[in-house]
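Chemist:
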Amino acid sequence: MLDRQVAPPVQPLASVTLPAADVFSLPNGARLHVMRNDAQPVVRLQVVVPAGKWYEPAPGVSLLTARMLLEGTTTRTARQIADEVAFYGASLECEQSFDRATLTLYCLTRHLPRLLPLVQDVLTNPTFPATELELLKNRTIQNVRVERQKTSYLAAERFSHNLYGATHPYGSTFNEQLFATVAQDALQAFHRANYSLDKTEVFLCGDVAPADQNLVSDLLGNAQPSAVPLSARETLPLANQPAHDYVTVPDSIQAALRIGRPWPALTHPDTHKLQVLVKVLGGYFGSRLMKNIREDKGFTYGIYSSIGPREHATSFVIGTDVNANSANAAIREVHHELQVLQNELIPADELQTVKNYMTGKFANELSTVFEQCDKYKNIVFLNLPATYYSNFIEQVNQVTAEKLLTLSQHYLSPADMIEVVAGPGK
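Per UniProt numbering, residue 1 is the first one in the sequence shown, and the count goes up by one each step.
(1) Rounded to the nearest angstrom, how far is the Cβ of residue 258 from that of residue 171, given a contact under 8 Å?
(2) Short of 7 Å in beta carbon distance, which residues of its chain neighbour residue 174, apart from the five on each side in sequence? Order them along the chain.
(3) Per DSSP, which one or two residues make a beta bridge with residue 46?
(4) Quick one: give me the first and last residue of the beta strand (DSSP E) that residue 335 is part of.
(5) Within the continuous alpha helix (DSSP H) that includes residue 6, where are the two ends?
(6) Let me know if residue 21 comes out buried or exposed under the rule of 16 or more other beta-carbons within 10 Å of its beta-carbon.
(7) Between the segment 195–209 and the segment 33–46, are three or more C-beta pairs nearer than 8 Å?
(8) Measure the C-alpha to C-alpha separation of residue 244 and residue 361 and round it to an integer number of angstroms.
(9) Relative to the alpha-carbon of residue 414, which residue among 276, 316, 6, 291 has its alpha-carbon at the smallest distance?
(10) Tell me the DSSP secondary structure of residue 316 in three-state form.
(11) Buried or exposed for residue 9, please, with buried defined as at least 16 other CB atoms from any protein chain shown within 10 angstroms of its CB.
(12) Alpha carbon to alpha carbon, what distance is there between residue 379 and residue 369?
(13) Would you say the segment 190–200 touches the segment 49–68, given that touching needs at least three Cβ pairs under 8 Å?
(14) On the DSSP letters alone, give me the boundaries of the beta strand (DSSP E) that residue 111 sits inside.
(15) Could you tell me how far apart the beta carbons of residue 254 and residue 342 are, in whole angstroms, since I believe they sit closer than 8 Å?
(16) Could you pull the DSSP bridge partners for residue 349 from this structure?
(17) For residue 157, count neighbouring C-beta atoms within 10 Å of its own C-beta (all shown protein chains included) and say buried if the count is 16 or more, exposed if not.
(18) Could you give the distance in angstroms between the alpha-carbon of residue 60 and the alpha-carbon of residue 78?
(19) Which residues bound the beta strand (DSSP E) around residue 248?
(20) Rank 113, 346, 76, 126 by C-alpha distance to the C-alpha of residue 94 and give the top, closest one.
(21) Residue 22 lies in the beta strand (DSSP E); which residues open and close that run?
(22) So what does DSSP say about residue 144, is it helix, strand or coil?
(23) Is the separation between the beta-carbon of residue 313 and that of residue 155 shorter than 8 Å?
(24) So is residue 83 buried or exposed if we call it buried at 16+ other beta carbons inside 10 Å?
(25) Who pairs with residue 304 in a beta bridge, going by DSSP?
(26) Taking just the CA atoms, how far does residue 373 sit from residue 265?
(27) For the beta strand (DSSP E) holding residue 33, just list the boundary residues, first then last.
(28) Alpha carbons only, please: which of 252, 96, 111 is nearest the one belonging to residue 86?
(29) Going by beta-carbon coordinates alone, are residue 52 and residue 198 separated by less than 8 Å?
(30) Just verifying my parser: in three-state terms, what is the DSSP assignment at residue 41?
(31) Given residue 117, which residues of its chain have a CB within under 8 Å of its CB, disregarding the five upstream and five downstream residues?
(32) Tell me the residue span of the alpha helix (DSSP H) that contains residue 81.
(33) Taking the C-alpha atoms as reference points, what is the distance between residue 304 and residue 134?
(34) Below 8 Å between beta carbons: does that hold for residue 401 and residue 345?
(35) Beta-carbon separation of residue 16 and residue 366 under 8 Å?
Right, dumping it as C-alpha cells:
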C-alpha cells in the first residue's frame, strides 16, 4: 500500500538540451532565428529592435515610441489595427525594456500570412498621432503617481538609482515634468534611428512552415537600411552612491527593503554556481531567508533573493515588505543569513534539495517552444556561450559546499551591500 507520509524517490536529471535555432541573414542585414515545433498549430513572431531605455536620447522617448506603435499608421487607425488582430484571434503588442523593444505577435499558423502585412505596417509606418500621445502621457503619469504611493515601488526605484546612478539608463528615475514635454517629433526621430528593419533580430517559433519563413524573410528582410545612425551610450561605470538610504513615506504602516550589489555577468565562469548560492539564500519557498524571516520571525509574507541580468550590467537583490516596526530587525536577520553562508558549509541534504529544485524547474521551463526560444534569446542578447544552458545541469549538480562557501565570502559580505528602506520614517 502507498505510504503518503513518505516522499517519492527523486530521480536525478542527467541533462537537458536546448533545441538549436536555424539562423538566416536577411538581405537588409537583419537576422531571422527560426525554432520549429509542430505540437500545436500556433506561432510566435517577435521583432526585437535596439530601442530600449539604453538608447533613448531623452527620458521617456523609448517607452512612448513603443507604446504608440499600435496607435495608428499611415494606412490604419488604432481601431482598425485592434479589430484586425481580434478578427484573427491573435495578440499583438509592443513592450519596451531597459535594453530593447519587442513587437510580439501570437496567432494560429494559418493566419500568419494575413497578419504579417499588419506587423510590417505597424513597424514601418507609425504616425504617432498627437491626441493619442497626450492621452498616453497623462495615463502613464497617473499610473506612476499611484505606484509611488507604494513603499515597494519607491524602494526598488531608489535601489536602482543608488546602484547605477542618476545618469545611468538603469538607474534614472521617472521625471514627470520631462516626460510630459516629450513631443511627437522626438518619437518620429527615435523611430527612424532605432526601428529600422535592418537593425532587427527576428524570432519565429512554433509550427513554422517553409512558406511562412520565406514570407517573413520577404516582408521584413527586404526593407532598405536606415541612413540614420543608431543612438547609443557607451558602457557606463556604476555609481558610488550611499550604502544606506531611507525613503520616507508618511503614514505608511509597512516598510519595503531592498538590499543588494552589482553582480558578475552571466558570462562569468562561476555563473551557475552563483545561481545555486542565491537559491539557497532566498530563491525558493524553502530558502533560508523564507524560513528565518517568514516562518520563524513572522516579519513578512515573502522574501526573495534574485539575480537581474541585463545587457550592460547585472545586479543581485534581496527584497521584502515588512511591518515598519520590524524593518531594522529584518535587516539584522538578512545580515545574519549572509554571514552564516560566509562562515559555515551548507549541509549536504539542503544543498541536494536546492539542486533538485533548480534542475527540475529548469527542465519545466523548457516545456514549450516559446520558453525554449526565450532561453535562446538570452544567448543572443547577453552574449552567452552556445553551451550555456546545456552546461547548466552538469555545473549545478557538481557544485560543492566548499565552493559555495568561497563564493559567499567573495560576494555576500553585508559590508558590500547597498541597502534601501522605504517606510514611515527613521
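Even for Gly, the Cβ is constructed at its ideal location relative to N, Cα and C.
Modeler: Reading off the structure:
(1) Actually they are not in contact, since the Cβ atoms of residue 258 and residue 171 sit about 13 Å apart, beyond 8 Å.
(2) Cβ contact annotation for residue 174 (same chain, cutoff 7 Å, sequence separation greater than five): 144, in chain order.
(3) 104, 203
(4) Unbroken run through residue 335 is the alpha helix (DSSP H), 327–343; no beta strand (DSSP E).
(5) Unbroken run through residue 6: none, as it is neither H nor E.
(6) buried
(7) yes
(8) 35 Å
(9) 316
(10) strand
(11) exposed
(12) A direct Cα-to-Cα measurement between residue 369 and residue 379 gives close to 15 Å.
(13) yes
(14) Careful: residue 111 lies outside any beta strand (DSSP E) and carries neither H nor E.
(15) In fact, because the Cβ distance is near 30 Å, the residues do not count as touching under 8 Å.
(16) Answer is none; residue 349 lacks a bridge partner.
(17) buried
(18) 21 Å
(19) 244–248
(20) Residue 94 has its Cα closest to that of 126, out of 113, 346, 76, 126.
(21) 22–25
(22) The answer is helix: DSSP assigns residue 144 an H, G or I state.
(23) no
(24) exposed
(25) According to DSSP, which records beta bridges pairwise, residue 304 is partnered with 319.
(26) 21 Å
(27) 31–36
(28) Residue 111 is the option with its Cα nearest to residue 86.
(29) no
(30) coil
(31) 219
(32) Segment 78–87, the alpha helix (DSSP H) holding residue 81.
(33) 38 Å
(34) Taking a C-beta distance under 8 Å as the contact criterion, residue 401 and residue 345 qualify as a contact pair.
(35) In contact: residue 16 and residue 366 (Cβ atoms closer than 8 Å).
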